Structure formats: structure tokens, C-alpha cells
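Numbering (this note's numbering), first residue to last: 110 to 263.
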């Protein structure tokens, strides 16, 4: 069991803002708001995807906010998505920098010839956050796919 200590109101506000950043990412993804999703990242962001979390080699690596556009546009191939954000942990936090991990179950629905299919991916994100002009952004986001389940829907 973790030990709880008192934190300042400023730290509490920063922790809440970081959680809202994580949730905004999922919300923008489900609403196909690529511009909104991109705005959550620094201009020189580092975004890395590991389609197999056990493989130390990334499947994709991007080095700018603009490079994220085609990645987020890929979601348009799905008829619907729902990202359930689970637990998130902040590992380190200073006045303007932090790191943490967030879990997500991402549900992706496709329709092919009138038949619906569901793909569920268990995702983990290892994040580095920075506070710029009073707001928190992703400076780095490492996406790890732990497992995928695919099935037909009724």
C-alpha cells in the first residue's frame, strides 16, 4: 500500500492538469479531432510506438508535432473508437516537468460488407510532460501495445 503525504495546492492542480491532458488525448482520438490531439504536444515532441511491447525496437518514431498528423488521421479508418483511460501514475513532478505512465483499453470498430468487427488493444503510455506558459503538454509519449484481441460483433 502506498503512503500518502500532504501536497501543496499547486502540486494538486498540476496533477489534475496532467490527468486532464491524458484524458484529452483519448477524447480527441475518439472525436477525430487530430488538430486538438496534436495541440497536446510540444512542437519538438518525441512520439514512439511499440506495436509489440516486448520488442525493444520501436515500430514507429516521430520527432515533431506536425509528424503526428498522419498517425492521428489513421483513426479515420475505424467506424468508431472508444478509449477507456485507466490508472495513471506520476513518477516524477517538478514545477515544469514530470513523467508518468497511463493505461488505456482502446476499442476500434470496423464495418466491412455490413459486418462489424471489434479490435481491443491494451495500451500503456510512458510519458514525459512539460509545463509551458502555465499549461501541461506531452514532450514525449511512448505507446506500448501489450495485447490485441479481435472478434466479430453481432
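Idealized CB from N, CA, C, for every residue including glycine. Since this is a predicted model, take the numbers as computed values, not measurements.
In the structure shown, residue 114 falls within a coil segment according to DSSP collapsed to helix, strand and coil.
For the alpha helix (DSSP H) assignment, the uninterrupted runs of no fewer than 4 residues enclosed by the stretch 129-217 are, from N- to C-terminal side, 143-147 and 178-182. Residue 207 is not a Cβ neighbour of residue 197, given a cutoff of 8 Å. Here residue 192 is not near residue 172, since their CB atoms are 8 Å or more apart. Excluding five sequence positions before and after residue 256, the CB atoms of its chain that fall closer than 6 Å to its own CB belong to 231, given in chain order.
Setting aside the 5 residues that flank it on each side, residue 215 is surrounded in the same chain by 192, 230 and 232, each with a C-beta closer than 6 Å to its C-beta; the list follows chain order.
Take residue 195, set aside five residues on each side of it, and the residues of its chain with a beta-carbon closer than 8 Å to its own are 211, 212, 213 and 214, in chain order.
Selection 132, 236, 185 and 136 evaluated against residue 202 yields 236 as nearest (Cα-Cα). Residue 236: member of the beta strand (DSSP E) spanning 224-241, first to last residue.
In the DSSP secondary-structure assignment, residue 246 is bridged to 239.
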